[in-house]
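Below is one structure, written out as structure tokens; comments come after it.
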Amino acid sequence: MNVIRELLKSGKTVIGTAGAAAGDMTVLADSGFDFLLFDTQHTPV
Numbered sequence: 045m046n047v048i049r050e051l052l053k054s055g056k057t058v059i060g061t062a063g064a065a066a067g068d069m070t071v072l073a074d075s076g077f078d079f080l081l082f083d084t085q086h087t088p089v
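Here the sequence shown stands for residues 45 to 89, numbered as in our numbering.
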């Protein structure tokens, strides 16, 4: 998370996405996003 914070402090744009923990995160992990948000409140872990 510190990498994202430093990028934002330096004025750079970061791009990320959100998804459920069930399956799609393995595909998104290799997609090149700066961050991924795992929604574990609405999906079984």
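Glycine included, C-beta positions come from ideal geometry on N, C-alpha and C. This one's a predicted model, so the numbers in the text were calculated from it and none came from an experiment.
Span separating the alpha-carbon of residue i from that of residue j
i	j	result
asparagine 46	alanine 62	19 Å
threonine 84	methionine 69	12 Å
serine 75	alanine 64	16 Å
leucine 72	phenylalanine 82	11 Å
lysine 53	histidine 86	31 Å
glycine 51	phenylalanine 77	Rather than glycine, the amino acid found at residue 51 in this sequence is leucine. Each residue's alpha carbon lies about 13 Å from the other.
Same chain only: Cβ atoms within 7 Å of residue i, ignoring 5 sequence neighbours per side
i	result
phenylalanine 79	Ile48, Val58 and Gly60
Limits of the beta strand (DSSP E) - the one that residue i falls within
i	result
threonine 61	60-64
aspartate 83	79-83
Limits of the unbroken alpha helix (DSSP H) element including residue i
i	result
threonine 70	68-73
lysine 56	Element bounds for lysine 56: n/a, residue is neither H nor E.
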